[in-house]
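Trainee: If you scroll down you'll find the structure; I have some questions about it.
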Amino acid sequence: MPFVEWLKTTYKENPTQSHSGTHVSKTRICFVVNPIAGMGGPLALKGTDGRARWEAIRRGAKPVSPERAKRFLDRLEKLGVLESIEFYTATGSMGEELLREYSVDYRIVNVVANPTVAADTIETVIRCCRQGVDLIVFCGGDGTARDVALALASEDRKDVPLLGIPSGVKMYSSIFAVNPEAAAQAVAEFVQSGKTTCCCEGEVVDVDEEAFRKNILNVKMFALTQTLCSRYLVGISKQPTPETPDEEENRRAIANHVLEYYVKPCTLIILGPGTTTKAIADALGVEKTLLGVDVIHNGKLVAKDVDGPTLEKIVEEHLKRGGHVLIIVSPIGGQGFIFGRGNQQITPRVLKLVGRNNILVVATRSKISKLKKLRIDTGDPELDETLKGYIRVVVDYDEEVIMKVE
263 MPFVEWLKTT YKENPTQSHS GTHVSKTRIC FVVNPIAGMG GPLALKGTDG RARWEAIRRG
323 AKPVSPERAK RFLDRLEKLG VLESIEFYTA TGSMGEELLR EYSVDYRIVN VVANPTVAAD
383 TIETVIRCCR QGVDLIVFCG GDGTARDVAL ALASEDRKDV PLLGIPSGVK MYSSIFAVNP
443 EAAAQAVAEF VQSGKTTCCC EGEVVDVDEE AFRKNILNVK MFALTQTLCS RYLVGISKQP
503 TPETPDEEEN RRAIANHVLE YYVKPCTLII LGPGTTTKAI ADALGVEKTL LGVDVIHNGK
563 LVAKDVDGPT LEKIVEEHLK RGGHVLIIVS PIGGQGFIFG RGNQQITPRV LKLVGRNNIL
623 VVATRSKISK LKKLRIDTGD PELDETLKGY IRVVVDYDEE VIMKVE
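Each residue of the sequence shown is one higher than the last, beginning at 263 in my numbering.
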């Protein structure tokens, strides 16, 4: 029996528990929080699927998604639309714990155990669909998006729009909002329009996390879904960088420019993920973790595939000795994120220690030509505000452009 057909026969109807006041016509929103999403990012675990989940917990990783879901709800409250929404959710950390902190109507459609598993997300979304929800809002990453899309397919409800509050490690899918506050803005538009906000097709993509941890980036489209047409959404999945001789030559030229103009003696270099930053490491004669963060000092590798806590200590010690630190990152293709997507090892604390003036962005001509702006989502809204503005981007040897960071 195909998996989707098996799902249809597995999850049965169950009575909902209502926490609603007087019934009025409200926008019905399925609200699902993946409580472990994003925990592996700062620890350089590349995700929280499978064994990485338990490794993250063992190493003391703190939950990320509850706080990001709270930021979403806080903004909805400020926008004055909570009273127009009836939420459908699961018990505990998957939604109820957060919702009961607000004056909001909600219904429990699924009772889940702790710790939660992917099947809990699938079952919750299925039961929400059977309640006739108007919109599904989930807090998680690409793996959570896959689970939600699978549930929609099993119910033949691909007409229900899907919106992601970004809280994973990668979030390459197009159905994510730029940040939790942007997700709230998009939902507010949907509610205030009387659910007539235009919907468009979105892509749910994901990577093989085991391959990802081995420096192999294999992004595959998992499903096409409906999502909200809103300027507050990313709107495009991660776009791969073309592997051509011209592209490779462009990367080498960028590397030569960076080494000549930016890399000085005693400079601690933090290299973010990507093929362009790898070209810089190659020029220095240092092996680069293609999909991780590495630290180089005076042409030597100081830390390979470093995690956030370790990076913070390295930076603090170097600055105490009077050294200079330079962070070099490349934006996510098509989306433009320079922080908060796949490089959470560069924590808000690291960024505060290093400072905005010591951040350098590098990108090939083909990548930068497809970006209108750069984006940030560090997890610290106040820090994000200080990083916004204009920043220089090295696009070739002896050539830099200025781009806006939003």
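Glycine residues also receive a C-beta, built at the ideal position from the N, C-alpha and C atoms.
If you draw a straight line from the alpha carbon of T506 to that of R627, how long is it in whole angstroms?
Mentor: Sequence index remark: in the sequence shown, residue 506 carries index 244 (1-based). Sequence index remark: in the sequence shown, residue 627 carries index 365 (1-based). Spanning the two alpha carbons is a distance of roughly 13 Å.
Trainee: Thinking C-alpha only, which one of V466, T538, P325 is nearest K414?
Mentor: Reading the sequence shown from its first residue, position 152 is the one you call residue 414. Note that residue 414 is Leu in the sequence shown, not Lys. When only C-alpha atoms are compared, the closest one is V466.
Trainee: Skipping 5 residues on each side, what residues in its chain have a beta carbon closer than 6 Å to that of C528?
Mentor: As a position in the sequence shown, residue 528 is number 266, starting the count at 1. Result list for C528: G585, in chain order.
Trainee: Three-state secondary structure (DSSP) at E363?
Mentor: Working through the sequence shown from its first residue, we reach residue 363 at position 101. Coil at E363, not helix or strand.
Trainee: Do Q597 and Y434 count as a contact pair if the criterion is CB distance below 9 Å?
Mentor: The residue you call residue 434 lines up with position 172 of the sequence shown. The residue you call residue 597 lines up with position 335 of the sequence shown. Result yes, Cβ atoms of Y434 and Q597 sit closer than 9 Å.
Trainee: Tell me the rounded alpha-carbon separation between C401 and T459.
Mentor: Here residue 401 corresponds to residue number 139 of the sequence shown, with the count starting at 1. Here residue 459 corresponds to residue number 197 of the sequence shown, with the count starting at 1. Distance between the alpha carbons of C401 and T459 is about 21 Å.
Trainee: I need the DSSP call for A448, collapsed to helix, strand or coil.
Mentor: On the sequence shown, position 186 is the one that residue 448 refers to. Helix.
Trainee: Can you give the beta carbon distance from T378 to P325, rounded, assuming they're within the 8 Å contact cut?
Mentor: Working through the sequence shown from its first residue, we reach residue 378 at position 116. Working through the sequence shown from its first residue, we reach residue 325 at position 63. Actually they are not in contact, since the Cβ atoms of T378 and P325 sit about 11 Å apart, beyond 8 Å.
Trainee: Go through the region 378–440 residue by residue and report every complete run of the alpha helix (DSSP H) that reaches 4 residues or more, in order.
Mentor: Runs found: 380–392, 404–416.
Trainee: I'd like to know whether the C-beta atoms of S429 and A331 end up nearer to each other than 9 Å.
Mentor: Taking the first residue of the sequence shown as 1, we reach residue 429 at position 167. Taking the first residue of the sequence shown as 1, we reach residue 331 at position 69. It is a contact, given that the beta carbons lie within the stated cut-off.
Trainee: Rounding to the nearest angstrom, what Cα-Cα distance links M665 and D658 in this structure?
Mentor: Your numbering for residue 665 matches position 403 in the sequence shown. Your numbering for residue 658 matches position 396 in the sequence shown. Straight-line Cα distance between these residues: approximately 15 Å.
Trainee: Using 10 angstroms around the beta-carbon of N512, count the other beta-carbons present and answer buried if the total reaches 16, otherwise exposed.
Mentor: Reading the sequence shown from its first residue, position 250 is the one you call residue 512. Buried: at least 16 other Cβ atoms inside 10 Å.
Trainee: In angstroms with no decimal places, state the Cα-to-Cα distance between E661 and R514.
Mentor: For the purposes of this step, residue 661 is identified with residue 399 of the sequence shown, where counting begins at 1. For the purposes of this step, residue 514 is identified with residue 252 of the sequence shown, where counting begins at 1. Roughly 13 Å separates the two Cα atoms.
Trainee: Could you check the C-alpha separation between D508 and T640 for me, to the nearest Å?
Mentor: The count along the sequence shown starts at 1 and reaches residue 508 at position 246. The count along the sequence shown starts at 1 and reaches residue 640 at position 378. Spanning the two alpha carbons is a distance of roughly 32 Å.
Trainee: Is P504 closer than 9 Å to R333 when the C-beta atoms are compared?
Mentor: The sequence position of residue 333 within the sequence shown is 71, counting from 1. The sequence position of residue 504 within the sequence shown is 242, counting from 1. No, Cβ-Cβ distance for R333 and P504 is not below 9 Å.
Trainee: What three-state label does DSSP hand R369 in the structure shown?
Mentor: As a working mapping, residue 369 is identified with position 107 in the sequence shown. Here R369 sits in strand by DSSP.
Trainee: Are three or more beta carbon pairs between the region 489–504 and the region 542–555 nearer than 8 Å?
Mentor: No: the two stretches stay apart, fewer than three of their Cβ pairs being nearer than 8 Å.
Trainee: Following the continuous beta strand (DSSP E) through T487, name the residue where it begins and the one where it ends.
Mentor: Translated into positions along the sequence shown, residue 487 becomes position 225. First-last of the beta strand (DSSP E) with T487: 481–490.
Trainee: Contact between the region 566–578 and the region 410–426 is defined here as three or more beta-carbon pairs at a separation below 8 Å; is this criterion met?
Mentor: The region 566–578 is not in contact with the region 410–426.
Trainee: With distances taken Cα to Cα, identify the nearest neighbour of G536 among I590, L546, H559.
Mentor: For the purposes of this step, residue 536 is taken as residue 274 along the sequence shown, with counting starting at 1. Nearest option by C-alpha distance: I590.
Trainee: Quick one: what's got a C-beta closer than 6 Å to R389's C-beta in the same chain, skipping five residues either side?
Mentor: Here residue 389 refers to the residue found at position 127 when the sequence shown is read from its first residue. Correct list, in chain order: V371, N372.
Trainee: In terms of residue numbering, what span does the beta strand (DSSP E) encompassing T529 cover?
Mentor: Taking the first residue of the sequence shown as 1, we reach residue 529 at position 267. Start and end: 529–533.
Trainee: By a C-beta neighbour count over all protein chains shown, 10 Å radius and 16 as the cutoff for buried, is G651 buried or exposed?
Mentor: As a working mapping, residue 651 is identified with position 389 in the sequence shown. Burial call: exposed.
Trainee: For a minimum of 4 consecutive residues, which ranges assigned as the alpha helix (DSSP H) are wholly contained in the region 551–582?
Mentor: Counting only runs of 4 or more, we get 570–582.
Trainee: Which term fits E348, buried or exposed, when burial requires 16 or more other beta carbons within 10 angstroms of its beta carbon?
Mentor: As a first step, residue 348 is located in the sequence shown; it is residue number 86 there, counting from the start. With 16 or more other Cβ atoms within 10 Å, it is buried.
Trainee: Can you check whether the CB of G405 is closer than 9 Å to the CB of P470?
Mentor: Counting from 1 along the sequence shown, the entry for residue 470 is found at position 208. Counting from 1 along the sequence shown, the entry for residue 405 is found at position 143. First, the residue type needs correcting, since residue 470 is Asp and not Pro in the sequence shown. It is not a contact, given that the beta carbons lie outside the stated cut-off.
Trainee: Which residue spans inside the region 578–645 form an unbroken beta strand (DSSP E) run of at least 3?
Mentor: If we require 3 residues or more, the beta strand (DSSP E) runs fully inside the region 578–645 come out as 586–591, 599–601, 621–624.
Trainee: So, helix, strand or coil for I498, using DSSP?
Mentor: What you label residue 498 is simply residue 236 of the sequence shown in a count that begins at 1. Three-state result, I498: coil.
Trainee: Using C-beta distances below 8 Å, list every residue in its chain close to L622, excluding the 5 sequence neighbours before and after it, in chain order.
Mentor: One-based indexing of the sequence shown puts residue 622 at position 360. Here the set comprises V520, Y524, L588, I589, I590, V591, R654, V656.
Trainee: Grab me the residues of T538's own chain with a C-beta within less than 7 Å of its C-beta, minus the 5 sequence neighbours each way, in chain order.
Mentor: Within the sequence shown, the letter at position 276 stands for residue 538. These residues qualify, in order along the chain: R513, I516, S592, V624, A625, T626.
Trainee: In or out: A450 buried (at least 16 other Cβ within 10 Å) or exposed?
Mentor: To locate residue 450, count along the sequence shown from 1; it is residue 188. Flag for A450 reads buried.
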